[in-house]
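First comes the structure, then the notes that go with it.
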Amino acid sequence: TFTEEGREDNQLGVLPLLPGTFTSIKMKPSKIGTWLLETEVGEYQERGMQALFTVIDKDCKLPMGLASGIIQDSQISASGHVGYWEPKLARLSNTGKYNAWSIIKKEHEQPWIQVDLQRQVVITGIQTQGAMQLLKHLYTVEYFVTYSKDGRKWITFKGRHSKTQMHFEGNSDGTNVKENNIDPPI
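Each residue of the sequence shown is one higher than the last, beginning at 1 in UniProt numbering.
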């Protein structure tokens, strides 16, 4: 549904304009998905534009499958790990003696953990949780996100208001789940 500014909703296939005039239109997609908005000016398309955009459900909170096991152990990798605290344990609500991924951060190193989602998806948030080792809380207090469509070229997430990488607040203990929204979605 396209809405011409100041008028009620209507289906527009063609919006005729006289030379020297202009108008604004808003698109209200009828369903989520990928849409192509195409405009042309003139009989021979001398000017115009194309815009490909993705519409997502604002309330989309479906988990990707780390906690449920849909994402397999082989899809999770990391820069390293300590003992039995392997990357495959980087899942919410794990129990047992070894119940999370852990690494010792060395000076001048940026440890990382990576999940290969094996297809393009829209990410709207990230949940993190620390771990308990005996009575000791283990957790990450801050992190940043990079992402890739091809596994070779990595893009640092900046958010809407940052010119450099956006730092996300991590956990404050080893048990509670912390959720951060990804805005705009990746």
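C-beta atoms are modelled at their ideal positions from N, C-alpha and C, and glycine is treated no differently.
Could you give the DSSP three-state label for residue i: helix, strand or coil?
i	result
Thr3	With a pLDDT of 46 at Thr3, under the threshold of 50, the modelled position of this residue cannot be trusted; read the value that follows with caution. Three-state result, Thr3: strand.
Leu37	strand
Asp9	Model confidence at Asp9 stands at a pLDDT of 49, short of 50, so the residue's coordinates are unreliable and nothing is read from them.
Thr21	coil
Along the beta strand (DSSP E) that carries residue i, what are the first and last residues, could you check?
i	result
Arg138	It should be pointed out that residue 138 corresponds to Leu in this sequence rather than to Arg. It spans Lys136 to Leu138 - the beta strand (DSSP E) in which Leu138 sits, taken as one unbroken run.
By alpha-carbon positions, which one of the options ends up nearest to residue i?
i	options	result
Asn176	Arg91, Trp85, Ile71 and Gln50	Arg91
His161	Thr146, Trp154 and Pro184	Pro184
Thr128	Gln110, Tyr143 and Lys61	Tyr143
Ile123	Val55, Glu109 and Lys28	Val55
Asp173	Leu36, His137 and Lys158	His137
Trp112	Leu37, Gly170, Ala78 and Gly151	Ala78
Gln118	Met64, Met49 and Lys153	Met64
| Counting pairs of beta carbons, one from the region 131-140 and one from the region 93-101, are three or more of them closer than 8 Å? | Judged by Cβ distances under 8 Å, the region 131-140 makes contact with the region 93-101, as three or more pairs qualify.
| said: Ignoring anything shorter than 4 residues, give me the alpha helix (DSSP H) runs that lie fully in the UniProt domain "F5/8 type C" (60-186), in order along the chain. | reply: Qualifying alpha helix (DSSP H) stretches: none in this window.
| message | With three or more C-beta pairs closer than 8 Å as the rule, is the region 78-93 touching the region 32-41? | response | Fewer than three Cβ pairs drawn from the region 32-41 and the region 78-93 lie within less than 8 Å of each other, which leaves the two stretches out of contact.
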